[in-house]
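A short worksheet on the structure shown next.
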Amino acid sequence: MLPQSGYALVDGLRLFYQTIGSGAPEIVLSAGSFNSVDVHWEDPSIALFLRRLAAFSRVVRFDSIGLGGSDRATGATSEPIFQAQLNAVLDRCENESVALVAMLDAGPNAIEYVVKNPDRISHLVLYNTTSRLIRDDTYQVGLDPDATVALLGIVTEEWGTTALATTSVPSKMGEAHFVEWYSKYLRAVGTPTEIQGRFRKALQMDVRELLPRVEVPTMVIHRRDYAFIPFTHGEYLASNIRGAELVELPGADGPMFWETPDLILESLERFVTGSASKPVDKTELLTLLITDIVESTELLSSMGDRDGKVLFDQHDEISRKWADAWGGHVVKTTGDGVLAAFATPSVALMAATAIRDELGRIGISIRAGVHVGEVTRTSDDLSGVAVNTAARIMALATADEILTSRTVRDVMAGSSFGFTDRGSHQLKGLSEPWQLFSVDAKAPTRPVL
4 MLPQSGYALV
14 DGLRLFYQTI
24 GSGAPEIVLS
34 AGSFNSVDVH
44 WEDPSIALFL
54 RRLAAFSRVV
64 RFDSIGLGGS
74 DRATGATSEP
84 IFQAQLNAVL
94 DRCENESVAL
104 VAMLDAGPNA
114 IEYVVKNPDR
124 ISHLVLYNTT
134 SRLIRDDTYQ
144 VGLDPDATVA
154 LLGIVTEEWG
164 TTALATTSVP
174 SKMGEAHFVE
184 WYSKYLRAVG
194 TPTEIQGRFR
204 KALQMDVREL
214 LPRVEVPTMV
224 IHRRDYAFIP
234 FTHGEYLASN
244 IRGAELVELP
254 GADGPMFWET
264 PDLILESLER
274 FVTGSASKPV
284 DKTELLTLLI
294 TDIVESTELL
304 SSMGDRDGKV
314 LFDQHDEISR
324 KWADAWGGHV
334 VKTTGDGVLA
344 AFATPSVALM
354 AATAIRDELG
364 RIGISIRAGV
374 HVGEVTRTSD
384 DLSGVAVNTA
394 ARIMALATAD
404 EILTSRTVRD
414 VMAGSSFGFT
424 DRGSHQLKGL
434 SEPWQLFSVD
444 AKAPTRPVL
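Take 4 as the starting number for the sequence shown in the numbering used here and just add one per residue.
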């Protein structure tokens with residue numbers, strides 16, 4: 004499942020948007036001033052979250068004018084910029100009425116839009132957001148004005164640095180690779196000066212008087228310990244929008260992708276589809292890739308723990324990069340290997356050969372097994388006979404070999420890949436012998452999309 008990208012025009016400016024999935028319901032995600040749609044795909048957790056969301060909906064995301072992949076604004080638009088952008092995006096949607104998920108500073112703008120355009124929005128979801136940020140005599144749950152000005156200064160100074168990354172996503176604080184990536188992501192969103200201007204506008208927002216006029220079904224999702232917009236803001240929204248549902252989440256992350264993703268996805272699916280409940284497990288037909296570093300114990304022993312960890316971390320990064328590049332994702336790492344899932348055998352083999360070849364250039368030799376079959380998705384893992392079969396196939400591969408089942412070879416008949424018959428093998432735990440094939444071809448250096 005690959006995203007599709009395009010541009011919509013907003014008063015002559017190009018707004019970058021992206022879709023994934025198909026059909027109904029259709030969900031538009033808006034993160035306001037904090038989005039870089041393309042860079043999101045570099046993180047495997049975000050990629051998995053979006054694909055799981057797209058499993059039951061068509062997902063539409065966009066970069067605000069002035070940030071990310073959209074044009075920089077050179078003048079005023081004919082109407083408030085968020086309203087114009089959302090109209091342009093909705094004009095590209097496949098359904099007349101869509102669900103709108105507004106995060107962070109997109110919340111007040113989304114509330115205003117829904118009041119003015121109730122016919123275009125079927126459901127409204129407000130995540131970690133507010134109707135007003137600053138405290139006054141009529142809004143005691145707001146943030147202290149002086150403290151907020153100080154916070155604005157801190158955010159501006161720390162934008163794009165590791166300090167702000169650990170504050171925004173505390174659940175990932177101990178993961179150095181993620182913190183560095185998230186800092187890069189913030190820099191891709193916009194410059195400190197651009198973000199400071201966005202924050203100043205956010206401090207002036209106040210849509211409290213519009214809350215009683217929201218007529219579409221609304222769900223408020225808020226984290227209990229989110230520091231920048233406290234939980235009391237979510238409570239205020241839910242209590243002042245007629246019939247709104249409040250979902251209280253544990254944790255302190257600002258974005259929704261890394262902490263308790265299952266709870267968020269289950270809430271969204273129930274709310275926008277009208278399903279009272281959904282099965283925890285889902286059965287899917289996938290192509291599985293399982294890899295293993297050859298003689299990993301000996302390699303770690305020869306290098307020492309410190310240098311070995313650096314090398315193994317590089318292995319994980321390269322595996323994720325190529326899995327994502329070919330439209331799949333790494334489901335989990337095993338310390339000396341990965342389990343990755345793909346929609347088709349062709350892209351799985353492309354990713355496998357690319358991973359093998361790049362790892363070989365830094366002195367890591369792997370073996371790989373590829374198989375197609377039904378799997379059960381449980382939370383963020385995959386299980387089933389197909390997973391076990393892929394693991395058994397991988398264990399029989401030699402150094403730098405990609406070994407596949409006959410199922411994969413048959414599906415790939417007529418492709419540019421070559422296959423060498425490796426004979427029939429009795430796989431542990433399986434009753435019938437399996438005919439296995441070694442892959443001969445090398446992968447292109449980059450995906451052809």
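We treat Cβ as the ideally placed atom computed from N, Cα and C, and that holds for glycine.
The structure displayed is predicted, hence computed values, not measured ones.
**Message:** I need the straight-line Cα distance from glycine 307 to threonine 356, nearest angstrom please.
**Reply:** Residue 307 sits at position 304 when you count from the first residue of the sequence shown. Residue 356 sits at position 353 when you count from the first residue of the sequence shown. When rounded, the distance between both Cα atoms is 28 Å.
**Request:** Mark glycine 421 as exposed unless 16 or more other C-beta atoms lie within 10 angstroms of its C-beta, in which case mark it buried.
**Result:** Residue numbering aside, residue 421 sits at position 418 when the sequence shown is read from its first letter. Under this definition glycine 421 is an exposed residue.
**Prompt:** Under a Cβ-count criterion, where at least 16 other Cβ atoms within 10 Å of its own Cβ denotes burial, should proline 253 be classed as buried or exposed?
**Reply:** Taking the sequence shown and counting its residues from 1, one reaches residue 253 at position 250. Classification of proline 253: exposed, given that the 10 Å Cβ count is below 16.
**Prompt:** The alpha helix (DSSP H) spanning threonine 476 covers which residue range?
**Reply:** Only positions 4 to 452 of the chain appear in this structure, which leaves residue 476 out of reach.
**Request:** Taking only the alpha-carbon atoms, compute the straight-line gap between glycine 246 and alanine 102 and give it to the nearest angstrom.
**Result:** Taking the sequence shown and counting its residues from 1, one reaches residue 246 at position 243. Taking the sequence shown and counting its residues from 1, one reaches residue 102 at position 99. Just so you know, the alpha carbons of glycine 246 and alanine 102 end up roughly 17 Å apart.
**At least three beta-carbon pairs within less than 8 Å, the stretch 120-130 to the stretch 209-226** = Result yes; three or more Cβ-Cβ pairs closer than 8 Å.
**Message:** Considering only the alpha carbon of each residue, which of Gly110, Ala344, Ser322 and Arg17 lies closest to arginine 75?
**Reply:** Taking the first residue of the sequence shown as position 1, residue 75 is located at position 72. Among Gly110, Ala344, Ser322 and Arg17, the Cα nearest to that of arginine 75 belongs to Arg17.
**Request:** Compare the C-alpha of tyrosine 239 against each of Leu214, Gly257 and Asp256 and name the closest.
**Result:** Taking the sequence shown and counting its residues from 1, one reaches residue 239 at position 236. When Leu214, Gly257 and Asp256 are compared, the shortest CA-CA separation from tyrosine 239 is found for Leu214.
**Asked** Out of Ala153, Ala394 and Ser349, which has the shortest C-alpha to C-alpha gap to glycine 417?
**Response** Position 414 of the sequence shown, counted from the start, is the residue given in the question as residue 417. If we check each option's Cα against that of glycine 417, Ser349 comes out closest.
**Message:** Can you look up alanine 344 in the DSSP assignment and give me helix, strand or coil?
**Reply:** Against the sequence shown, residue 344 aligns to sequence position 341. Alanine 344 carries a strand assignment under DSSP once its states are collapsed to helix, strand and coil.
**Prompt:** Leaving out five residues before and five after glycine 340 in sequence, what residues of the same chain have Cβ atoms less than 7 Å from its Cβ?
**Reply:** Along the sequence shown, one-based indexing puts residue 340 at 337. Excluding the 5 residues flanking it on each side, glycine 340 has same chain C-beta neighbours closer than 7 Å at Ile293, Thr294, Asp295 and Ile296, in chain order.
**Item:** Contact set for arginine 211: own chain, Cβ-Cβ below 6 Å, skip 5 residues either direction
**Value:** Locating residue 211 in the sequence shown gives position 208, counting from the first residue. Taken in chain order, the residues that qualify are Ser134 and Arg135.
**Item:** Complete alpha helix (DSSP H) runs within the stretch 111-190 (minimum length 4 residues, chain order)
**Value:** 148-161 and 165-171
**Prompt:** Considering only residues of the same chain and omitting the five flanking positions on each side of serine 25, which have a CB-CB separation below 6 Å?
**Reply:** Your numbering for residue 25 matches position 22 in the sequence shown. Sequence-distant partners of serine 25 (beyond 5 residues in either direction) whose C-beta falls short of 6 Å from its own C-beta, in its chain, are Arg61.
**Asked** Does the distance from the CB of glycine 338 to the CB of asparagine 391 come in under 8 Å?
**Response** Translated into the one-based positions of the sequence shown, residue 338 becomes position 335. Translated into the one-based positions of the sequence shown, residue 391 becomes position 388. No.
**Request:** Taking threonine 392 as part of the alpha helix (DSSP H), name the residues at either end of that continuous run.
**Result:** Counting from one through the sequence shown, the residue named residue 392 turns up at place 389. Where threonine 392 is concerned, the enclosing alpha helix (DSSP H) stretches over 388-399.
**Which of helix, strand or coil DSSP assigns to glutamate 336** = Taking the first residue of the sequence shown as 1, we reach residue 336 at position 333. According to the sequence as given, residue 336 is threonine; it is not glutamate. Here threonine 336 sits in strand by DSSP.
**Prompt:** For phenylalanine 37, which residues of its own chain have a beta-carbon under 7 Å away from its beta-carbon, when the five flanking residues on both sides are left out?
**Reply:** For the purposes of this step, residue 37 is taken as the residue at position 34 of the sequence shown. Answer for phenylalanine 37: Leu107 and Val192, listed in chain order.
**Message:** If you reduce the DSSP assignment to three classes, tell me which class leucine 51 lands in.
**Reply:** For the purposes of this step, residue 51 is taken as residue 48 along the sequence shown, with counting starting at 1. Leucine 51 falls in the helix class under three-state DSSP.
**Asked** Taking the continuous alpha helix (DSSP H) assigned at glutamate 269, which residues delimit it?
**Response** Along the sequence shown, one-based indexing puts residue 269 at 266. In the DSSP assignment, glutamate 269 falls within the unbroken alpha helix (DSSP H) covering 264-276.
**Message:** Quick check: what's the CA-CA separation for glutamate 269 versus glycine 366?
**Reply:** What you label residue 269 is simply residue 266 of the sequence shown in a count that begins at 1. What you label residue 366 is simply residue 363 of the sequence shown in a count that begins at 1. About 43 Å.
**Prompt:** Can you name, in chain order, every residue of its own chain whose Cβ lies under 6 Å from the Cβ of asparagine 112, other than the five neighbours on each side?
**Reply:** As a position in the sequence shown, residue 112 is number 109, starting the count at 1. Excluding residues within five positions, the ones whose Cβ falls inside 6 Å are Phe85.
**Message:** Assuming arginine 64 is part of the beta strand (DSSP E), what are its boundary residues?
**Reply:** Position 61 of the sequence shown holds residue 64. Start and end: 61-65.
**Asked** When the Cα atoms are used, what is the spatial distance from alanine 34 to tyrosine 116?
**Response** Walking along the sequence shown from the start, residue 34 turns up at place 31. Walking along the sequence shown from the start, residue 116 turns up at place 113. Their backbone Cα atoms lie some 15 Å apart in a straight line.
**Asked** Counting Cβ pairs, one atom from each stretch, are 3 or more of them under 8 Å apart for the stretch 249-267 and the stretch 172-189?
**Response** yes
**Prompt:** So what does DSSP say about glycine 421, is it helix, strand or coil?
**Reply:** Here residue 421 corresponds to residue number 418 of the sequence shown, with the count starting at 1. Taken through DSSP and simplified to helix, strand or coil, glycine 421 comes out as coil.
**Request:** Could you have a look at phenylalanine 9 and say whether DSSP puts it in helix, strand or coil?
**Result:** Within the sequence shown, the letter at position 6 stands for residue 9. It is worth fixing the name first, because residue 9 is glycine in this sequence and not phenylalanine. In the structure shown, glycine 9 sits in a strand (DSSP, three-state: E or B).
**Asked** Alpha carbon to alpha carbon, how far is glutamine 7 from alanine 326?
**Response** As a position in the sequence shown, residue 7 is number 4, starting the count at 1. As a position in the sequence shown, residue 326 is number 323, starting the count at 1. So the two alpha carbons sit approximately 18 Å from each other.
**Request:** Work out the CA separation of alanine 398 and serine 441 for me, nearest whole Å.
**Result:** To locate residue 441, count along the sequence shown from 1; it is residue 438. To locate residue 398, count along the sequence shown from 1; it is residue 395. Using only the alpha carbons, I get a separation of about 13 Å.
**Request:** Using 10 angstroms around the beta-carbon of aspartate 46, count the other beta-carbons present and answer buried if the total reaches 16, otherwise exposed.
**Result:** If you number the sequence shown from 1, residue 46 lands on position 43. The Cβ neighbour count for aspartate 46, taken over all protein chains shown within 10 Å, is at least 16; the residue is labelled buried.
**Message:** So, with DSSP's three-state summary, where would you put aspartate 228?
**Reply:** To locate residue 228, count along the sequence shown from 1; it is residue 225. Coil, per DSSP.
**Asked** Under a Cβ-count criterion, where at least 16 other Cβ atoms within 10 Å of its own Cβ denotes burial, should isoleucine 157 be classed as buried or exposed?
**Response** As a working note, residue 157 is residue 154 in the sequence shown. That one is exposed.
**Message:** What would DSSP say about arginine 364, mapped onto helix, strand or coil?
**Reply:** Looking up residue 364 in the sequence shown gives position 361. Arginine 364 falls in the coil class under three-state DSSP.
**Request:** Alpha carbon to alpha carbon, how far is isoleucine 30 from glutamate 3? Give it in angstroms, no decimals.
**Result:** Here the chain comprises residues numbered 4 to 452, so residue 3 is not present and cannot be evaluated.
**Prompt:** Since glycine 69 and glutamate 197 are thought to touch, with beta carbons under 8 Å apart, how far apart are those beta carbons, to the nearest angstrom?
**Reply:** On the sequence shown, residue 69 is found 66 positions in, with the first residue counted as 1. On the sequence shown, residue 197 is found 194 positions in, with the first residue counted as 1. Correct: roughly 6 Å between the Cβ atoms.
**Message:** Let's see if you can read the secondary structure: which residues bound the alpha helix (DSSP H) around isoleucine 84?
**Reply:** Translated into positions along the sequence shown, residue 84 becomes position 81. 84-94 is the extent of the alpha helix (DSSP H) around isoleucine 84.
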